[in-house]
Structures are given as C-alpha cells and as structure tokens.
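Trainee: When we follow this note's numbering, the leftmost residue of the sequence shown carries the number 355, and every step to the right adds one. First the structure, which I've put down as structure tokens, then a few questions once you've had a look.
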Amino acid sequence: MRTREVAVITPVMPTYARVDLVFARGEGPYLFTEDGDRYLDFGCGIAVTSLGHAHPHLVAALQDQAGLLWHTSNLYRISGQERLAERLVASTFADTVFFGNSGAEAMECAIKMARRYHYHNDHPERFRTITFGGAFHGRTLATIAAGGQAKHLEGFGPAADGFDQVPLHDSNDLRAAITGETAAILIEPVQGEGGIVPVDPQFLKAIRAAADEFGLLVIYDEIQTGVGRTGKLFAHEWAGVAPDIMGVAKALGGGMPIGACLATEKAAVGMVAGTHGSTFGGNPLSTAVGNAVLDVMLADGFMDGVEKKARRLVAEIESVISLHSGVYDHVRGLGMMQGIKCAAPVGDVLAGMARHHVLAVPAGDNVMRFLPPLIIEDEQIDEAVAALDAVGSELSS
C-alpha cells in the first residue's frame with residue numbers, strides 16, 4: 355500500500371459550489387432529505403425532471419427494461435431507439451435523429467453536422483457558426499467557444515476556432531457577420547443560463563430568412579427549452595420557425611442521461627457511417643425511459659395543462675414582485691421556464707427560498723430561475739409563491 359499525503363482536494367472534484375443538502379428520495383414535485391425534511395423542487399435538476407421524481411410510468415419503464423437488457427452499443431439495431439427516433443420525427447420538423455448522452459454531446463453533433471453538410475456539398479471552407487451574446491451551449495471545448503462567455507473560457511484557451519458572436523436581436527450585425535466561411539447560425543429560443551431571455555419570434559424569422567438567403571443551416575439549442583418546458587413540445591413552435599438541426603436533452607430522459615440531435619434529411623446528408631458515434635448513446639435503458647417520457651408528454655391535453663398552469667404561476671409571481679420592488683425587479687420567460695430578475699443579490703434570494711424549503715436555480719444577469727415540474731398543481735404554485743413573498747419581506751427589512 356502506498357503512503358499518501360493528506361489530501362487537500364475532496365474525493366469528488368470541487369468543480370461545483372454545492373448547497374449543503376443531501377437528498378435521499380423524491381416523490382412528484384418534492385425532494386426529501388435523509389432526515390425527512392421536504393423541499394419543493396422548482397429547479398428540476400436544471401430543467402431535467404420535468405415529470406417530477408419517481409413518476410410511476412417512468413419507474414415502470416426503467417424497471418422493466420433493467421430486467422431485460424441495458425446495453426449493446428450501436429453496433430446493432432436497438433428497437434427502443436428506433437421507436438423513440440420515429441416518435442420524435444413524427445412530432446417535429448426532423449427526418450432523422452442521432453442519440454448521445456447529454457446536451458453538450460447533442461450540440462457537438464449539431465456543429466459537426468453543419469460543417470459536414472457544407473463539406474459534402476463541396477464547400478469545406480464553410481465551417482464557421484454564428485452565435486449570440488449571452489448564449490450557453492455546453493462545457494466542451496467547442497461549446498464553450500460557441501457560448502463565448504469569458505467566465506467559461508478562462509483558463510481553457512485558446513478558444514476553439516470557428517465561432518463568431520454577435521449581439522442578440524441585432525439583425526444588421528447578424529447579416530454583417532455572414533461571410534464565405536459561414537456554415538450555420540446557432541441560437542437558443544430562450545436563453546437559459548444567460549438569464550431566461552426569450553428570443554423575439556421576429557428575430558427567429560430574420561435568422562431563418564438570412565440562412566435561406568445565404569445557404570446556411572439554422573441550429574436550435576433546445577436542451578433546456580425542449581420537451582414540454584415552455585408549454586409546447588419545443589419552444590420554437592411558438593414562433594412557427596423551424597430549424598434544420600436541433601439539440602435536445604435534459605427533460606427527454608426525465609432524469610435518465612440522454613441527448614438527441616434532430617435534423618432534416620437535407621442537413622444530415624453528410625452524416626454517413628463512420629462520421630460520428632457514441633458508445634452509450636441511445637442504449638436500451640435510456641431510450642426505454644425516453645419513450646416513457648413521450649408517452650406522458652404527447653398525451654392529449656398535457657401541454658394545454660402546462661400552459662394553463664404556467665399562466666397562473668406568472669400572474670402570481672407578478673403580484674409578489676409588485677409588493678417587493680426592492681428585492682425583485684420583473685419576471686420573464688416562456689411557459690414553465692421563468693426567470694425572476696432580482697434587485698437584491700440572487701444568492702441571497704436563493705438562500706432565502708431554500709430556508710423556506712423551495713429550491714430554485716441561479717442564472718446570469720442576477721436572475722433566479724423557476725423551472726418547476728410540469729406536473730405541479732395549484733397547491734405547489736401557492737407554496738412557491740408564498741416562499742417568494744416571505745423572502746421578499748425578509749430581505750426588505
């Protein structure tokens with residue numbers, strides 16, 4: 355046995371500023387600590403557990419598949435993967451789907467696909483992607499370069515080449531950035547990490563028009579906005595402007611790691627055998643749960659219910675903000691993806707919410723994110739809003 359010096363670093367690498375809470379189980383919209391304390395989960399593991407915790411249909415699908423087959427790799431056909439792809443294609447603009455394990459992988463696939471499209475069409479010089487200020491697309495070297503935020507790039511330079519960032523909602527700068535090397539335009543329909551900033555539908559239309567004019571591909575990052583979060587299966591449906599490629603993850607697995615890159619046949623023309631891959635992507639276990647998620651999400655009336663509850667949530671938040679203008683500034687977002695712009699430090703607000711046993715998520719621009727399970731009822735809305743009101747009073751005094 356080797357002699358070890360006393361370690362300063364923790365066994366779990368300290369790349370997160372974790373809240374000192376340990377949860378033992380979850381049920382519906384609630385998490386429970388080992389001591390039995392109950393917390394209302396309005397963070398959903400950052401927009402992941404959109405059907406709540408331990409949803410019976412998801413649990414049954416996972417248990418059934420776990421007793422049959424977990425993994426084979428993509429050397430063989432996977433029936434659950436094929437079914438999930440067929441259902442995503444039937445419900446979206448897409449003709450084909452690649453499965454990975456995370457949002458970052460989905461976006462890597464999207465970026466690679468856009469470059470490969472132009473390579474296939476005899477324009478290998480077209481490899482650059484235009485992105486927008488405030489964006490977040492993942493933590494790989496390519497996706498932090500795409501996001502362009504200094505806090506994510508620091509210490510990981512030089513930044514990967516191939517990304518040109520312009521201000522959000524500036525059509526003139528967008529068009530001026532297009533060159534003979536431009537391959538694609540990449541955007542989140544609602545910026546999540548950037549502070550819950552909905553993109554104007556007219557700007558999405560301007561992006562689509564510029565892409566069509568210059569022969570570019572449009573990529574949507576719907577990692578956080580997708581799979582019901584905004585009251586439609588995908589957020590871009592509100593604007594009625596379809597992309598050529600789209601990254602999806604988070605809620606697609608309801609907590610099971612899975613990512614997907616959806617694309618039109620035109621955009622995916624260069625993605626032939628050997629051009630991309632994933633050992634675990636789309637394995638029987640993850641796609642069994644993904645199919646179970648769609649069973650619930652695609653049921654008649656489910657999205658209408660999400661939209662109705664979201665309207666009530668926003669109205670209640672606005673009423674609290676009007677009472678505590680020194681703590682909260684305004685709320686913005688789409689559906690069950692709401693950002694409360696704080697006047698007080700967002701860390702203080704989040705800590706106060708946790709004291710009242712409601713969990714939320716920080717974002718840029720001093721914003722607290724409410725990302726509740728889509729299955730919440732009026733009772734949970736009232737509970738979260740009561741905590742918001744109490745924290746407003748405490749921080750005002």
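Here a beta-carbon is modelled for each residue, glycine too, at the ideal position from N, C-alpha and C.
1. Just list the residues that DSSP pairs Val-520 with in beta bridges.
2. Where in the segment 405 to 468 do unbroken runs of the alpha helix (DSSP H), each at least 4 residues long, occur, reported from the N-terminal end onward?
3. Check each candidate in Val-376, His-678, Ile-573 and Thr-536 and name the one with the smallest Cα separation from Tyr-473.
4. Where does Met-625 land, buried or exposed, given buried means 16+ other C-beta within 10 angstroms?
5. Exposed or buried, which one is Met-367 when buried takes at least 16 other CB atoms within 10 Å?
6. Along the chain, where does the alpha helix (DSSP H) containing Glu-731 start, and where does it finish?
7. Can you tell which of Ala-530, Gln-578 and Ala-627 has its C-alpha closest to the C-alpha of Gly-608?
8. Go to Gly-399, then tell me how far its alpha helix (DSSP H) extends in each direction, as first and last residue.
9. Residues in the same chain with beta-carbon distance under 8 Å from Leu-528, minus the five sequence neighbours each way, listed in chain order, please.
10. Look up Ile-671 in the DSSP assignment and say whether it is helix, strand or coil.
11. Would you say the segment 626 to 644 touches the segment 699 to 706, given that touching needs at least three Cβ pairs under 8 Å?
12. Using CA atoms only, rank isn't needed, just tell me which of Glu-576, Cys-615, Arg-469 and Pro-638 is closest to Asp-515.
13. Taking the alpha carbon of Ala-371 as the reference point, which residue from Ala-414, Met-467, Cys-398 and Val-715 has its own alpha carbon closest?
14. Report the three-state DSSP secondary structure of His-474 (helix, strand or coil).
15. Please confirm if the segment 453 to 462 is in contact with the segment 598 to 605, defined as three or more CB-CB distances below 8 Å between the two stretches.
16. Return yes when the Cβ of Ala-627 is within less than 8 Å of the Cβ of His-411, no when it is not.
17. If we ignore side chains and look at the alpha-carbon of each, how far apart do Ala-499 and Glu-733 end up?
18. Can you tell me whether Ile-830 is helix, strand or coil according to DSSP?
19. First and last residue of the alpha helix (DSSP H) that includes Thr-641?
20. Would you say the beta carbon of Arg-441 is closer than 7 Å to some non-hydrogen atom of the ligand GDP?
21. Check whether the segment 685 to 692 and the segment 541 to 560 are in contact - that is, three or more C-beta pairs closer than 8 Å.
22. Report yes if the CB atom of Gly-546 is closer than 8 Å to the CB atom of Phe-486, and no otherwise.
23. Within a Cβ cutoff of 7 Å, which residues of the same chain sit near Lys-586, ignoring the five residues on either side of it in sequence?
24. Taking Cβ to Cβ, would you say Leu-571 is nearer than 8 Å to Tyr-430?
25. Compare the C-alpha of Phe-568 against each of Gln-419, Leu-558 and Gly-534 and name the closest.
26. In the DSSP assignment, the beta strand (DSSP E) including Ala-593 goes from what residue to what residue?
27. Looking at C-alpha atoms only, which residue of Ala-642, Glu-748 and Val-674 is the closest neighbour of Arg-437?
28. Might you give, ordered along the chain, the residues of its own chain that have their beta carbon closer than 7 Å to the beta carbon of Ala-621, omitting 5 neighbours on each side?
29. For Glu-619, report the span of its alpha helix (DSSP H) as first-last.
30. If I measure Cβ to Cβ from Tyr-574 and keep anything under 7 Å in the same chain, skipping five residues before and after, which residues do I get?
31. Whole angstroms is fine: what's the gap from Glu-661's alpha carbon to Pro-478's?
32. Between Ile-363, Pro-611 and Thr-618, which has its C-alpha nearest Ala-444's C-alpha?
33. In terms of DSSP beta bridges, what is Arg-686 paired with?
34. Let me know if Glu-508 comes out buried or exposed under the rule of 16 or more other beta-carbons within 10 Å of its beta-carbon.
35. On the three-state DSSP scale, how would you describe Leu-570?
36. Taking Cβ to Cβ, would you say Glu-670 is nearer than 8 Å to Ile-612?
Mentor: On the basis of the supplied data:
1. Here the question's residue 520 lines up with position 166 in the sequence shown. Answer is Phe-486, bridged to Val-520.
2. Counting only runs of 4 or more, we get 410 to 420 and 433 to 445.
3. Against the sequence shown, residue 473 aligns to sequence position 119. The shortest C-alpha separation from Tyr-473 is found at Thr-536.
4. As a first step, residue 625 must be located in the sequence shown, where it is residue number 271. So Met-625 ends up on the buried side.
5. Translated into the one-based positions of the sequence shown, residue 367 becomes position 13. Its Cβ having fewer than 16 others within 10 Å, Met-367 is exposed.
6. The residue labelled residue 731 in the question sits at position 377 within the sequence shown. First-last for Glu-731: undefined, no H or E at that position.
7. For the purposes of this step, residue 608 is identified with residue 254 of the sequence shown, where counting begins at 1. The residue with the shortest Cα to Cα distance from Gly-608 is Gln-578.
8. Stepping through the sequence shown from its first residue, residue 399 is reached at position 45. Element bounds for Gly-399: 398 to 401.
9. On the sequence shown, position 174 is the one that residue 528 refers to. Excluding positions up to five away in sequence, the list reads Ile-484, Val-520, Ile-539, Ala-560, Ile-561 and Ala-564.
10. Walking along the sequence shown from the start, residue 671 turns up at place 317. Here Ile-671 sits in helix by DSSP.
11. Judged by Cβ distances under 8 Å, the segment 626 to 644 makes no contact with the segment 699 to 706, as fewer than three pairs qualify.
12. Along the sequence shown, read from residue 1 onward, the residue named residue 515 stands at position 161. Nearest to Asp-515 by C-alpha distance, out of Glu-576, Cys-615, Arg-469 and Pro-638, is Arg-469.
13. In the sequence shown, residue 371 corresponds to position 17, counting from 1. Comparing Cα-Cα distances from Ala-371 to each of Ala-414, Met-467, Cys-398 and Val-715, the minimum goes to Val-715.
14. The residue labelled residue 474 in the question sits at position 120 within the sequence shown. Here DSSP, grouped into helix, strand and coil, assigns His-474 to helix.
15. Three or more pairs of CB atoms, one per stretch, sit closer than 8 Å, so the segment 453 to 462 contacts the segment 598 to 605.
16. The residue given as residue 411 occupies position 57 in the sequence shown. The residue given as residue 627 occupies position 273 in the sequence shown. For His-411 and Ala-627, no; Cβs fall outside 8 Å.
17. Start at 1 with the first residue of the sequence shown, and residue 499 comes out as number 145. Start at 1 with the first residue of the sequence shown, and residue 733 comes out as number 379. Separation of Ala-499 and Glu-733 (C-alpha to C-alpha, rounded to the nearest whole angstrom) is 42 Å.
18. Lying outside 355 to 751, the shown extent of the chain, residue 830 is not represented and no answer is given.
19. Residue numbering aside, residue 641 sits at position 287 when the sequence shown is read from its first letter. Looking at the DSSP string, the run of the alpha helix (DSSP H) that includes Thr-641 is 638 to 651.
20. The ligand GDP is absent from the structure shown, which contains no ligand whatsoever.
21. Cβ pair count under 8 Å is three or more, so yes.
22. Start at 1 with the first residue of the sequence shown, and residue 546 comes out as number 192. Start at 1 with the first residue of the sequence shown, and residue 486 comes out as number 132. Not in contact: Gly-546 and Phe-486 (Cβ atoms no closer than 8 Å).
23. Sequence index remark: in the sequence shown, residue 586 carries index 232 (1-based). For Lys-586, where only same-chain residues beyond five positions count, the Cβ hits under 7 Å are Trp-592 and Met-657.
24. Counting from 1 along the sequence shown, the entry for residue 571 is found at position 217. Counting from 1 along the sequence shown, the entry for residue 430 is found at position 76. Taking C-beta atoms as the reference points, Leu-571 and Tyr-430 fail to come closer than 8 Å.
25. Position 214 of the sequence shown, counted from the start, is the residue given in the question as residue 568. Selected option, being the one with the closest Cα: Gly-534.
26. Translated into positions along the sequence shown, residue 593 becomes position 239. In the DSSP annotation of this structure, Ala-593 is not part of any beta strand (DSSP E), being labelled neither H nor E.
27. Taking the first residue of the sequence shown as 1, we reach residue 437 at position 83. Residue Ala-642 holds the alpha-carbon nearest to the alpha-carbon of Arg-437 among Ala-642, Glu-748 and Val-674.
28. By one-based count along the sequence shown, residue 621 stands at place 267. When the five nearest sequence neighbours on each side are left out, the beta carbons in the same chain lying within less than 7 Å of the beta carbon of Ala-621 are those of Met-467, Tyr-471, Leu-571, Asp-598 and Ile-599, in order along the chain.
29. As a first step, residue 619 must be located in the sequence shown, where it is residue number 265. No alpha helix (DSSP H) contains Glu-619, which DSSP labels as neither H nor E.
30. Taking the sequence shown and counting its residues from 1, the one referred to as residue 574 is at position 220. Excluding sequence neighbours, Tyr-574 sits near Ile-541, Pro-543, His-590, Pro-597 and Met-600.
31. Locating residue 661 in the sequence shown gives position 307, counting from the first residue. Locating residue 478 in the sequence shown gives position 124, counting from the first residue. CA-CA distance, Glu-661 to Pro-478, rounds to 44 Å.
32. One-based indexing of the sequence shown puts residue 444 at position 90. Ranking the options by Cα distance to Ala-444, first place goes to Thr-618.
33. Residue numbering aside, residue 686 sits at position 332 when the sequence shown is read from its first letter. Among the bridge pairs identified by DSSP, Arg-686 is matched with Gly-693.
34. Taking the sequence shown and counting its residues from 1, the one referred to as residue 508 is at position 154. With fewer than 16 other Cβ atoms within 10 Å, it is exposed.
35. Residue numbering aside, residue 570 sits at position 216 when the sequence shown is read from its first letter. Three-state result, Leu-570: coil.
36. Position 316 of the sequence shown, counted from the first residue, corresponds to residue 670. Position 258 of the sequence shown, counted from the first residue, corresponds to residue 612. No. Outside cutoff.
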